[in-house]
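FYI, in our numbering the residues of the sequence shown are 9 to 251.
From the three backbone atoms N, C-alpha and C, an ideal C-beta is built for every residue, glycine too.
Notes to accompany the following structure.
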Amino acid sequence: MPKNKRRHWTQEEISLLRAEYADAPTGAIARRLGRTERAVYSQANDMGLGKSPTHLARMRAEAAERVRVAGEKTRFSSGHASWNRGLRGLHLGGKETRFAPGHRPAQWVPVGTEVIDKDGYRKRKVRDDTPPGESRRNWMFCHVLAWEAENGPAPPGHCVVFRNGDRADIRIENLELIDRAERLRRNSIHRYPEAVKELIWARHRLKRAIRKREQRDEKQHDGRQEPPDRDHGAGKGWRDGTR
9 MPKNKRRHWT QEEISLLRAE YADAPTGAIA RRLGRTERAV YSQANDMGLG
59 KSPTHLARMR AEAAERVRVA GEKTRFSSGH ASWNRGLRGL HLGGKETRFA
109 PGHRPAQWVP VGTEVIDKDG YRKRKVRDDT PPGESRRNWM FCHVLAWEAE
159 NGPAPPGHCV VFRNGDRADI RIENLELIDR AERLRRNSIH RYPEAVKELI
209 WARHRLKRAI RKREQRDEKQ HDGRQEPPDR DHGAGKGWRD GTR
């Protein structure tokens with residue numbers, strides 16, 4: 009399909025464009041020349057022509073007037089009454105499925121209920137008035153309640169523990185109060201006999217050696233070489249507490 013030949017600008021057309029482009033609408037010039045507005049804009053740009061400040065101001069005023077007229081149909085007139093005047097809230101149905109005042113969720117249980125949590129501790133519900141999202145404060149551990157019933161509230165920084173380690177045995181003679189430091193010591197490696205501690209250290213050394221060997225094999229597989237392990241004191245930190 010043959011392409012349309014480009015229509016060259018004559019000297020007369022160029023003279024008319026130069027004389028009228030600054031203050032005349034581009035559409036009017038295009039109609040006089042029998043060209044598209046795009047062609048007129050392109051030629052004016054090539055010639056370095058532009059619209060005068062007066063013409064630009066007039067164009068802005070005309071555009072603003074068009075917007076004003078077009079928006080009159082959608083503006084609220086003086087004294088307009090909105091569709092929701094006098095209504096309190098927006099009700100779009102669903103009243104049948106809303107929670108009524110005082111509604112209790114399906115998992116609600118009364119005060120005094122006792123349960124066993126995932127860690128094996130027995131808990132009792134002692135209140136039912138905490139704010140939403142803080143329901144865990146409604147519960148207390150039964151062994152703590154038993155100790156405090158005998159001795160009063162536990163002081164800050166202390167906790168009640170089981171002497172024999174049985175979390176189901178909440179007899180008062182099986183409960184004792186210790187501070188956080190003592191609890192940490194009891195739960196650390198130092199609570200075990202020396203023979204058991206040595207086995208734990210040996211296990212740490214073995215796991216560390218296996219891990220280093222696996223890392224070295226991976227690097228050699230990738231074409232990288234690693235110097236042999238010279239850490240003959242591996243695991244020392246586990247024994248002297250420096251690690």
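- Between Arg135 and Val119, the beta carbon gap of about 7 Å places them in contact (Cβ cut-off 8 Å).
- Rounded to the nearest angstrom, the Cβ distance from Asp125 to Lys133 is 12 Å, too far for a contact under 8 Å.
- Relative to the Cα of Ser60, the nearest Cα in the group Pro33, Ala72 and Thr82 belongs to Pro33.
- For Leu183, the pairing in a beta bridge is given by DSSP as Phe170.
- Going by beta carbons, Val169 and Glu184 fall inside the 8 Å limit.
- Contact between the region 47-67 and the region 13-29 is established, with three or more Cβ pairs separated by less than 8 Å.
- Per the Cβ contact rule, the region 192-204 is not in contact with the region 217-232 (fewer than 3 Cβ pairs under 8 Å).
- At the C-beta level, Asp187 and Gly165 come within 8 Å of one another.
- Under the three-pair Cβ rule at 8 Å, the region 56-73 counts as touching the region 21-36.
- Note on Trp155: 16 or more other CB atoms within 10 angstroms of its CB, so buried under the neighbour-count rule.
- About 15 Å separates the Cβ atoms of Asn182 and Arg194, ruling out a contact at the 8 Å cut-off.
- Residue state for Val123 is assigned as strand, using DSSP reduced to three classes.
- In the assembly as shown, Ile218 is an exposed residue. Its beta-carbon has fewer than 16 other beta-carbons within 10 Å.
- In the three-state reduction of the DSSP assignment, Arg132 falls in the strand class.
- Here the C-alpha atom of Ala69 lies approximately 11 Å from the C-alpha atom of Arg76.
- Exposure of Leu95 is indicated by the presence of fewer than 16 other C-beta atoms within 10 angstroms of its C-beta.
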